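Everything on this sheet refers to the single structure shown next.
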Amino acid sequence: MHDLTGFQRDLLYVIAGADRPSGQTVKDEVEKYYSSEINHGRLYPNLDTLVNKELVEKGQLDRRTNYYAITEAGREQIEARREWEEQYVDF
Numbered sequence: 001m002h003d004l005t006g007f008q009r010d011l012l013y014v015i016a017g018a019d020r021p022s023g024q025t026v027k028d029e030v031e032k033y034y035s036s037e038i039n040h041g042r043l044y045p046n047l048d049t050l051v052n053k054e055l056v057e058k059g060q061l062d063r064r065t066n067y068y069a070i071t072e073a074g075r076e077q078i079e080a081r082r083e084w085e086e087q088y089v090d091f
């Protein structure tokens, strides 16, 4: 997780919180948080990075639509990150 950008971490969190979202669904959710449009040239290369790091798996819903799902490694990375954050932030 330490080698991910903040944007990539946000994508990972969105994917972890959804049930096999499409790229468009991930984009819509991230745009709500960022309050700005995320273009495809930014979104899909970062999703591919998460897939290449084996934190997310990519599959096909149909010929035009892919889905993304958190892997066990991705889940473990989120858990480790949250434990690390709790050392410093306790509300």
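The sequence shown begins at 1 in UniProt numbering and counts up one residue at a time. The beta-carbon is built from N, C-alpha and C at its ideal position, and this holds for glycine as well. Predicted, not measured: the structure shown is a model, and the values here were computed from it.
| message | DSSP three-state label for Ala16, please. | response | helix
| task | Would you please state the rounded distance, in angstroms, between the beta carbons of Glu57 and Thr71? I believe it to be under 8 Å. | result | 6 Å
| said: Using CA atoms only, rank isn't needed, just tell me which of Leu50, Gly23, Tyr88 is closest to His40. | reply: Gly23
| query | Under the DSSP definition of a beta bridge, which residues are partnered with Gly23? | reply | In DSSP, Gly23 forms no bridge with anything.
| Hey, how far is the Cα of Leu50 from the Cα of Tyr34? | Taking the CA atoms as reference points, Leu50 sits about 19 Å from Tyr34.
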